[in-house]
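First to last, the sequence lines map onto chains A and B.
Using this note's numbering, you'd call the opening residue of the first sequence number 1230 and step up by one each time.
Using this note's numbering, you'd call the opening residue of the second sequence number 15 and step up by one each time.
Built from N, CA and C at the ideal position, the CB exists for glycine as well.
First comes the structure, then the notes that go with it.
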Amino acid sequence: MKHVVFLIMCAPLAATTFYVNLGGLGGQEDYETRFKAQVEELDKLTKGAPQSKAFSLSGAMASKAKIKDTFAEIAKEAKADDALVVTMIGHGTFDGVEYKFNLVGPDVTAKELAMWMLPVPAKRQLLVNTTSASGGSLADLRQEGRTVITATKSGTEKLSTVFARYWLEALRDPQADADKNDVISALEAYRYAETKTAKYYESNKRLATEHPLLADTSSSAGFRTPDPTKGEAMVAMRMPVLLFGSLQNAAKSPEKQALLKQREAIELQIDNLKLRKAAMPSDQYRLEMRNLLLQVARIQQELDK
Amino acid sequence: MRISVIGVLTIGALLAQKPVVKKAAGVPYDRAKATRCWDLKQTGSTVEATNCFVELMADKSPALSAEGHWGMGKVEDSKEAFEKALEQYPGDANLRIRYGLLFWSRFNKAEAIKLISEALEMDKGNAQGMLALARIMSRGFDSKAIELAKAAAEADAGLYEVRELMAQLALENSDEKKAVEEANKALAINPKSLNAMATLGTIELLKNQTTTWFDKVLAINPKYGEAWYWAGHHFVMNRRYEEAIELYRKAVALTPDLWVAREQLGINLMRIGKPSEAREQLDMAYNNKYDSSEVVNSLTLMDSYKNFVSHKFEGGEVRLHKKEAAILQPYFEEEVSKARKTYEAKYKMKMNVPLEVEVYPDHEDFAVRTMGLPGLGATGVSFGPVVAMDSPSARKGGDYHWASTLWHELSHSYILVMSKFLVPRWFTEGISVHEETMASPDWGDPVESAVLMAIKEKKFLPVEDLDSGFVRPKDPLQIGLSYFQAGQALDWIVKNYGQDTVNAMVKSFAERKTTTEVVETHLKLKPKEFDAKLLEFIESRYGKTANNLKDLRAAIDGANKALAKKDADAAIVKARRAVEGYPSTAILATGYEVLGKAYLAKGDKVKARDAWREYAKASGREPEILKDLARLEEENGDKAMAAAALKRLIYISPVGDEDLHRKLGEYYLDLKQPDRALPAFLAQLASKPVDPAGAYYNLARSYVALSRPQQAQEALFQSLELAPGFKPAQKLLLELENHSSKD
């Protein structure tokens, strides 16, 4: 997980995260209102992120042509070190062959989206498709290095979804930052939203009509509950979606870089120790871990001064 | 689906008209041959019966061959023969009835009803057909059984079996007089009516009297275990499970292959918490091809027991599903302990054994645990000191108040034991309903509109007949109405005579006094006077709401419409009209819900909070509203009230909501009540939180506040191992480290 911090620290100081927030056609007043409000909130969150450039399109503004133009613009501007985060909110359909994101005017297919994203040079890419039938888009959107998250496991889960609500919640709830490093990674946000979505159906005693998936390699079919200790979702784990609080400030203050690097070195030792946990006596593990945790805490105390 | 529809339509049509006595068309085979074989079996002449059935199997007539195979337990061959017979004699109504009964014997109720209904379509006055349907309906305590039995008796005055059935149905309804009358009628027709004798014997056993009736049965058929089976059935109806078990044991000792008795023996052993022996009996039935739904479901449920964990504490034990045990255990333990203390003081009795509570997250498992079958409407059941109930996770959040159900059932546990299981149903239900709101005024089921309408229409049963509203209700509403009536009755008795009188009444029931005797002795009222006073009491409480129900609904409807049009002021005026001056009912909660929303729409958070406080007091249970109430209380700086709002939710929807436990724990920590915060944070951790590091940190804070530094250190270790950069946890770790180094 600490590699996230490493990426944030080393590359992002010069890098930009491009956010594309898309709100599709609601079809009914309550959906129109909901999608619009969600895209507005996403716009606010992403525009407030450090070194970000957000493009938000919803309702009549989110036409096929505008979306295509937006990606073309990003493709011109973005560099390899940059990141691209695309979020789709709305209704989707799947006819057994092709996924379509419902828009005012002609719909856009997953293949078209994939094609428009292809020229964007940013190596780190995340696409979050929260629509109904979004599982049907997975095959077309997968690409090496790109994390794709869908609200449904297949194109046949056609009912409207609640995943978007919890994805947004993940971006504003500090609890989603499970490792408390002030970065919400794609994996953390996914886990948060997936858990909350499942609990929504459980507590309402409703049969779950959406089963989210995360896929982060071109060959992966996607994981429902990815486990990085088994090598799953390693790209998603390293893909930052948003930065929180002090890290934003720290990123802007070069004088604390030395302390940050020192902290990172110890955090790497912690990661290594965890990997050796099963092979060492429990007491020794606990002693070593405790010492490392105390060191990190003391460095943080210095950083916070 | 079509099968059921045919059945229902036929029964409806049948009951709507007076049966026509008409003989079935003659058939070219001698049915008496089969009757003789079954009679031999009934009287215990096993060898002769076997020879008789073997002979029938080889009969040229498939109708008789079917009976022979059936008698020899060859169900599939019998079925095949019946099919052939039906091809030969498609107009033979009796053949269809017999075939239907074969299906019934193999637990296929739908096909049985279909065939018997077809027979009755052909021959409307067929008494055997009506009797067969009555038997099927009686198994599900359907009140149509009585009507069908009456119709069958009218169609054939010489049919003693229908009198046997009517005697049993009357006894199920606690109508002893009628039961004796019907049993005697059966004996007048057939002096060897074994089931009539069994009913008469059961009546005496239920009164703890000695009886010679079973000796008479055994003199006719020494292997007639069915007599003891029926006795056991009626003891179960009276919740005297231990005695029922002994009767079932006698049944299977006499007739080892009376599988229905083994089935019931197993189910009742489960009820009193003896799963190993229960399993033995159920396995035996199943392995002998008695695969009734009750047997199969019970065995399946027992297989799932490995997923339950047991937690013992002083005076009690709770068994919870592994997946939610850590969340629910502290809350269940707290309530069981509190209820035990309260009831022992109130009823002035000590329970000599621990109170055992089984909690099922799957409602159908609870139903199987209770009845052996899914589809039970209840949420809890008491088998004396053993209680089984739905977990809060078995129901949609807001629909179910588990603590209220727990206190209800535990009250039964005490009253059943105190009355030696002789208390009538209405009285024990009345006490339990009364206790729900004694535990807390906002507990219990709020009075629904259907009950309010029934109040207006004075649809109550006389107290002497109130038990029938529970055992064999005429319609689904009557059950709810009977609970309400019984609860009100006990409210009235406690209010006017005090708890000591209630206790004295229970003791009189233990001495086998009837409702009439108990009411006359302790309340100094004739039952009719009691009914009149109770009605007066109910009307004084709910008459105004009942009489204005239409206007109240219109006011709420108007308020909702005004709210939809964003006219909050109009919504407030209308909603106020629906709440001011009315007692607590479901409609009052709805009124306050709309009122709160209208004030929120206006931006008046203080008045919205006040409305939602009233909503909660009126048993409003919508989780989102209660959470919003907590938020408004917090915004107003009153964390104690915020915690109280969330604590209500713990009793309603505590599973699958980590935020509820986290917030509650945080409120308690802020209120310097770490002892209350700790179980809340333990529940958060057990809810598989999205933020486990945060949950461990919360635990650590509670331990620090409780001066338990070692546990705090451990919780912090867990938290930081997951999230080494978690600043608040780091800070607390350093504080603890500094503190311990100073020591």
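Item to check | For residue 1318 of chain A, three-class secondary structure by DSSP | outcome: The count along the first sequence starts at 1 and reaches residue 1318 of chain A at position 89. Note: residue 1318 of chain A maps to strand in three-state DSSP.
Next on the checklist: So that I know if they touch, is there some Cβ in chain A lying closer than 8 Å to that of residue 14 of chain B?
Outcome noted: With chain B running from 15 to 757 in the structure shown, residue 14 of chain B is simply not present.
Next on the checklist: Let me confirm a value: residue 1407 of chain A is counted as buried when at least 16 other C-beta atoms fall within 10 Å, else exposed. Which label applies?
Outcome noted: Residue 1407 of chain A sits at position 178 when you count from the first residue of the first sequence. Residue 1407 of chain A is buried by the Cβ-count criterion.
Item to check | Those residues which DSSP pairs with residue 372 of chain B across a bridge | outcome: In the second sequence, counting from the first residue as 1, residue 372 of chain B sits at position 358. According to DSSP, which records beta bridges pairwise, residue 372 of chain B is partnered with B:333 and B:402.
Next on the checklist: Check for me: the beta strand (DSSP E) holding residue 442 of chain B runs from which residue to which?
Outcome noted: The count along the second sequence starts at 1 and reaches residue 442 of chain B at position 428. Residue 442 of chain B -> not in any beta strand (DSSP E); alpha helix (DSSP H) instead, spanning 439 to 453.
Checklist entry - Is the distance from the Cβ of residue 460 of chain B to the Cβ of residue 667 of chain B below 8 Å? => result If you number the second sequence from 1, residue 460 of chain B lands on position 446. If you number the second sequence from 1, residue 667 of chain B lands on position 653. No, they are not a contact pair.
Checklist entry - Whose Cβ in chain B lies nearer than 8 Å to the Cβ of residue 1505 of chain A? => result As a working mapping, residue 1505 of chain A is identified with position 276 in the first sequence. The contacting residues do not exist; residue 1505 of chain A stays about 14 Å from chain B at best.
Checklist entry - Of the residues B:230, B:417, B:396 and B:398, which one's Cα is nearest the Cα of residue 406 of chain B? => result The sequence position of residue 406 of chain B within the second sequence is 392, counting from 1. If we check each option's Cα against that of residue 406 of chain B, B:417 comes out closest.
Checklist entry - Who are the neighbours of residue 1328 of chain A on chain B, taking C-beta pairs under 8 Å? => result The residue you call residue 1328 of chain A lines up with position 99 of the first sequence. Going along chain B, no residue has its Cβ under 8 Å from residue 1328 of chain A, so there is no contact; the nearest lies around 28 Å.
Next on the checklist: Assuming residue 492 of chain B and residue 480 of chain B are in contact, meaning their beta carbons sit under 8 Å apart, how far apart are those beta carbons, in whole angstroms?
Outcome noted: The sequence position of residue 492 of chain B within the second sequence is 478, counting from 1. The sequence position of residue 480 of chain B within the second sequence is 466, counting from 1. No, residue 492 of chain B and residue 480 of chain B are not in contact; Cβ-Cβ is about 10 Å, not under 8 Å.
Item to check | Between the CA atoms of residue 126 of chain B and residue 21 of chain B - distance to the nearest angstrom | outcome: The residue given as residue 21 of chain B occupies position 7 in the second sequence. The residue given as residue 126 of chain B occupies position 112 in the second sequence. Confidence is the limiting factor: at residue 21 of chain B the pLDDT is only 33, short of 50, which leaves the residue's position unreliable and the question unanswerable from this model.
Checklist entry - Could you give the uninterrupted runs of the alpha helix (DSSP H) lying entirely in the region 657 to 723 of chain B, keeping only those of 4 residues or more? => result 672 to 684, 688 to 700 and 706 to 719
Item to check | Identity of the residue in B:66, B:474 and B:688 nearest residue 50 of chain B by Cα | outcome: Position 36 of the second sequence, counting from 1, holds the residue named residue 50 of chain B. The shortest C-alpha separation from residue 50 of chain B is found at B:66.
Checklist entry - Checking contacts by CB at 8 Å: is residue 1357 of chain A closer than that to chain B? => result Looking up residue 1357 of chain A in the first sequence gives position 128. Not an interface residue.
Item to check | Same chain only: Cβ atoms within 6 Å of residue 285 of chain B, ignoring 5 sequence neighbours per side | outcome: Looking up residue 285 of chain B in the second sequence gives position 271. Closer than 6 Å at Cβ, skipping near neighbours: 255 and 397.
Checklist entry - Between the region 409 to 425 of chain B and chain A, which residues of the former have CB atoms less than 8 Å from a CB of the latter, in chain order? => result 409, 410 and 411
Item to check | Cβ-Cβ separation, residue 347 of chain B to residue 327 of chain B (assumed contact under 8 Å), whole Å | outcome: In the second sequence, the residue the question calls residue 327 of chain B occupies position 313. In the second sequence, the residue the question calls residue 347 of chain B occupies position 333. 5 Å between Cβ atoms; contact.
Item to check | CA-to-CA distance, residue 132 of chain B to residue 85 of chain B, given in whole angstroms | outcome: Residue mapping note: residue 85 of chain B aligns to position 71 of the second sequence, counting from 1. Residue mapping note: residue 132 of chain B aligns to position 118 of the second sequence, counting from 1. Approximately 24 Å between the Cα atoms of the pair.
Item to check | Neighbouring residues, chain A, relative to residue 751 of chain B (Cβ below 9 Å) | outcome: Indexing the second sequence from 1 puts residue 751 of chain B at position 737. Result: 1523 and 1526.
Item to check | Residues that residue 1404 of chain A contacts on chain B, provided the C-beta gap is smaller than 8 Å | outcome: Position 175 of the first sequence, counting from 1, holds the residue named residue 1404 of chain A. Result: 703, 704, 705 and 708.
Checklist entry - Over what stretch of residues does the alpha helix (DSSP H) that includes residue 384 of chain B continue unbroken? => result The count along the second sequence starts at 1 and reaches residue 384 of chain B at position 370. From DSSP, the alpha helix (DSSP H) with residue 384 of chain B extends over 377 to 385.
Checklist entry - Which runs of the alpha helix (DSSP H) spanning at least 4 residues fall entirely within the region 603 to 649 of chain B, listed in chain order? => result For the region 603 to 649 of chain B, the full-length alpha helix (DSSP H) segments reaching 4 residues or more read 619 to 631 and 637 to 649 along the chain.
Checklist entry - Should the region 1381 to 1398 of chain A be regarded as contacting the region 1419 to 1428 of chain A, the criterion being three or more beta carbon pairs within less than 8 Å? => result yes
Checklist entry - Would a check of beta-carbon distances place residue 75 of chain B closer than 8 Å to chain A? => result Here the question's residue 75 of chain B lines up with position 61 in the second sequence. No, no contact with chain A.
Next on the checklist: I'd like to know whether the C-beta atoms of residue 606 of chain B and residue 584 of chain B end up nearer to each other than 8 Å.
Outcome noted: Taking the second sequence and counting its residues from 1, one reaches residue 606 of chain B at position 592. Taking the second sequence and counting its residues from 1, one reaches residue 584 of chain B at position 570. Going by C-beta atoms, residue 606 of chain B is not nearer than 8 Å to residue 584 of chain B.
Next on the checklist: Distance check for residue 140 of chain B and residue 38 of chain B, CA to CA, integer angstroms please.
Outcome noted: In the second sequence, counting from the first residue as 1, residue 38 of chain B sits at position 24. In the second sequence, counting from the first residue as 1, residue 140 of chain B sits at position 126. Reliability fails at residue 38 of chain B, whose pLDDT of 44 lies under 50, so the model's placement of it is uncertain and the value that follows must be treated cautiously. Using only the alpha carbons, I get a separation of about 8 Å.
Checklist entry - How many Å lie between residue 564 of chain B and residue 645 of chain B at the Cα? => result Within the second sequence, the letter at position 550 stands for residue 564 of chain B. Within the second sequence, the letter at position 631 stands for residue 645 of chain B. If I take the Cα positions, the gap works out to 34 Å.
Checklist entry - Is it the case that the CB of residue 1364 of chain A approaches a heavy atom of the ligand GTP more closely than 7 Å? => result The ligand GTP is absent from the structure shown, which contains no ligands of any kind.
Checklist entry - Which first and last residues belong to the beta strand (DSSP E) in which residue 1435 of chain A is found? => result Taking the first sequence and counting its residues from 1, one reaches residue 1435 of chain A at position 206. No beta strand (DSSP E) contains residue 1435 of chain A, which DSSP labels as neither H nor E.
Next on the checklist: Let me check understanding here. Comparing Cα to Cα, which of B:179, B:191, B:237 and B:195 lies closest to residue 209 of chain B?
Outcome noted: In the second sequence, counting from the first residue as 1, residue 209 of chain B sits at position 195. Ranking the options by Cα distance to residue 209 of chain B, first place goes to B:179.
Item to check | Best match in B:675, B:687 and B:705 for proximity to residue 694 of chain B [C-alpha to C-alpha] | outcome: Reading the second sequence from its first residue, position 680 is the one you call residue 694 of chain B. Residue B:675 is the option with its Cα nearest to residue 694 of chain B.
Item to check | Buried or exposed by the 16-neighbour rule on C-beta atoms within 10 Å, applied to residue 1386 of chain A | outcome: Translated into the one-based positions of the first sequence, residue 1386 of chain A becomes position 157. The residue is buried, with at least 16 neighbouring Cβ atoms inside 10 Å.
Item to check | Proximity to residue 1315 of chain A [Cα-Cα], best of A:1293, A:1300 and A:1340 | outcome: Translated into positions along the first sequence, residue 1315 of chain A becomes position 86. Per the Cα distances, A:1300.
Checklist entry - Does any C-beta atom of chain A lie closer than 8 Å to the C-beta of residue 741 of chain B? => result By 1-based counting over the second sequence, the position of residue 741 of chain B is 727. Answer yes: the Cβ-Cβ gap between residue 741 of chain B and chain A drops below 8 Å somewhere.
Checklist entry - Shortest alpha-carbon distance to residue 1367 of chain A belongs to which of A:1404, A:1503, A:1280 and A:1377? => result The residue you call residue 1367 of chain A lines up with position 138 of the first sequence. When C-alpha distances from residue 1367 of chain A are compared across A:1404, A:1503, A:1280 and A:1377, the shortest belongs to A:1377.
Checklist entry - Using a C-beta to C-beta distance shorter than 8 Å, which residues of chain B count as neighbours of residue 1424 of chain A? => result Along the first sequence, read from residue 1 onward, the residue named residue 1424 of chain A stands at position 195. Those within 8 Å of residue 1424 of chain A in chain B are 702 and 704.
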